[in-house]
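Down below is the structure, laid out as structure tokens.
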Amino acid sequence: MAFELPPLPYGQSALEPYVSAETMSYHYGRHHAGYVANLNRLAAGTQWEGAELEALARGAEGAIFNNAAQIWNHTFYWQSMSPDGGGAPAGAVGAAIDAAFGSVDEFRRQFADAAVGLFGSGWTWLVADEGGLEIMQTANADLPLRHDRRPLLVVDVWEHAYYLDYQNARAAYVEAFLDNLVNWEFAAENLAAG
Ligand code: MN
């Protein structure tokens with residue numbers, strides 16, 4: 000069974016004007032799809048052929064890890080956004096954010112600072128562990144599964160995620176993510192699943 004490109008959870012223009020259909024066509028249709036094609040080529044004939052993607056994201060190394068983790072990360076990123084996203088978290092996620100950061104505004108400030116300040120390519124996550132919620136940065140393809148953390152949300156801060164729409168203004172992209180796209184229902188599902 001080959002590794003597959005999961006369907007997007009919405010149409011390619013569904014996140015406009017914050018993420019354009021053009022960005023989605025490259026980011027999903029070329030980058031994400033490209034990682035799938037690369038992984039199928041690289042994993043063929045190795046111990047990883049036919050394995051679960053998450054097993055590769057946790058245990059593989061080198062190029063096989065990079066492509067597997069990028070497939071996993073992007074699938075999680077699409078779900079971290081919604082055409083009905085943004086606003087403030089309710090329920091258990093809101094309470095956990097208040098407990099960890101003091102307020103939603105303080106969480107937003109710290110998350111935005113982390114995402115804007117991450118040098119080079121990577122990801123900024125909201126994660127859970129036994130101690131509660133925290134913000135985590137990972138470089139390149141690295142992901143919380145590798146560090147015994149459970150991801151609730153992620154924003155992609157590789158330049159390919161925002162350059163067509165925002166050029167070098169990563170802060171404007173992160174602000175749009177937090178104001179208009181972030182999918183708190185997805186975070187709540189992930190928190191409840193733990
Ligand atoms: Mn990306």
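All the letters of the sequence shown, read from the start, carry residue numbers 0 to 193 under numbering that gives the first Met the number 0. Even glycine gets a Cβ: it sits at the ideal position worked out from N, Cα and C. These numbers come from a predicted model, not from an experiment.
- Within the chosen limit of 8 Å, the ligand MN reaches the beta carbon of Q69 through at least one heavy atom.
- For a cut-off of 8 Å, the C-beta gap from E21 to L177 is around 22 Å, too long to register as a contact.
- Between L180 and G84 the beta-carbon gap is near 4 Å, inside 8 Å, which marks them as a contact.
- The Cβ atoms of E174 and A127 lie no closer than 9 Å to each other.
- CA-to-CA, the gap between A1 and G101 works out to about 45 Å.
- Between the segment 165 to 174 and the segment 62 to 73, the count of C-beta pairs closer than 8 Å stays below three; the two stretches do not touch.
- The three-state secondary structure of A62, taken from DSSP, is helix.
- For the ligand MN, no non-hydrogen atom lies closer than 8 Å to the CB of Y165.
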